[in-house]
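What follows is a short report on a single structure.
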Amino acid sequence: MSMCIRHLLAALLTLWLGHATAAPDPFEGDPYQSHPWVDMRKAYLGADAKAVFDARVQVRGPVFAEDPMNVPITVSVKDLPGVDRIVVLVDRNPIRKVLEYQPMSALPSVSFRFKLEQASPVRAAARTADGVWHIGGTLVDSSGGGCTVAGATRKDGSWTQTLGLVSARVFDATPIPGESAAVGSGSRLRLKVMHPMDTGLVGGIPAFYVNRLSVRDAQDRELLRLQTFEPVSENPVFSFDFPTRPAGALRIVGTDNNGNRIDAKLE
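Position one of the sequence shown corresponds to residue 3 (the numbering used here), numbered consecutively onward.
Written out as structure tokens, the structure reads:
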């Protein structure tokens, strides 16, 4: 083989490898290589929004969800300043958006339970002040079916007697041994709202769910805002963390998608 041909072949090989290396990643760096992800990012975070996968956005859940109607999830964002919004998404649920949380005076962390239809990545997208979405997630396996089965209170009819009732409590953080008093000196608000949270995917039962919650202080200042959707579990329980204990009485207000109002005071 002549020297010219060898050089030509080498040049063609280099060009081919360059094109192969530059080929776009159809999953956009998604560690789960989930086919729905790219469309989800555009639909829920914005087609032109910048999104990066970030280990500082932590999503904790079970490896296997034994009860697909009540899958516990905790989202916690650490060492990432300026988080103004958190969106929780489930790739393989028929209704992918679970909730949207604005921490305001609270910390960028939330715990809750949701319905899972099949094994799926569960993601949290935290938006910072520069408009960048930071993505974390976990993979939850399940036998599935959580979105297409009626809840217990819907089956026995008891939801009509408890609809909209709220129970809540503030817990002071336990000081960490050997640390200064400032470490672990915050507080946690845990609240429960009685509601069937129907997905609309069970025959004869339309979608019926809490869609907005707000926690306000004694001066009616909004401390946090939560928008919830059909996949949140029946009689939802939420936990929120604060850097310091909110002073005075707290008020929890909200609505469901049928216009029923939620209004409760926590002394």
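Glycine included, C-beta positions come from ideal geometry on N, C-alpha and C. If you're wondering where the values come from, they're calculated on a predicted model, not measured in any experiment.
- Residue pairing by DSSP places Arg227 opposite Gln104 and Ser216 in a beta bridge.
- Taking C-beta separations shorter than 6 Å and ignoring five residues to either side along the sequence, Ala45 has no partners in its chain.
- Restricting attention to beta strand (DSSP E) runs no shorter than 3 residues, the stretch 37-97 encloses them at 53-55, 59-62, 73-79 and 87-92, ordered along the chain.
- With 16 or more neighbouring CB atoms inside 10 Å of its own CB, Met42 falls in the buried class.
- In chain order, Arg192 place their CB closer than 7 Å to the CB of Arg171, counting only its own chain and leaving out the 5 sequence neighbours on each side.
- Linking Arg190 to Ser111 through their CA atoms gives a straight-line distance of about 10 Å.
- In the DSSP secondary-structure assignment, Thr140 is bridged to Val124.
- About 6 Å separates the beta carbons of Asn95 and Pro233, which is inside the 8 Å limit, making them a contact pair.
- If you draw a straight line from the Cα of Ser113 to the Cα of Pro26, it comes to about 36 Å.
- In the displayed model, Thr201 falls within coil according to three-state DSSP, outside both helix and strand.
- Judged by their CB atoms, Val61 and Gly139 are nearer to each other than the 9 Å cut-off.
- Using a Cβ distance threshold of 9 Å, Leu215 and Val255 count as a contacting pair.
- Val59 places its beta carbon less than 9 Å from that of Ala126.
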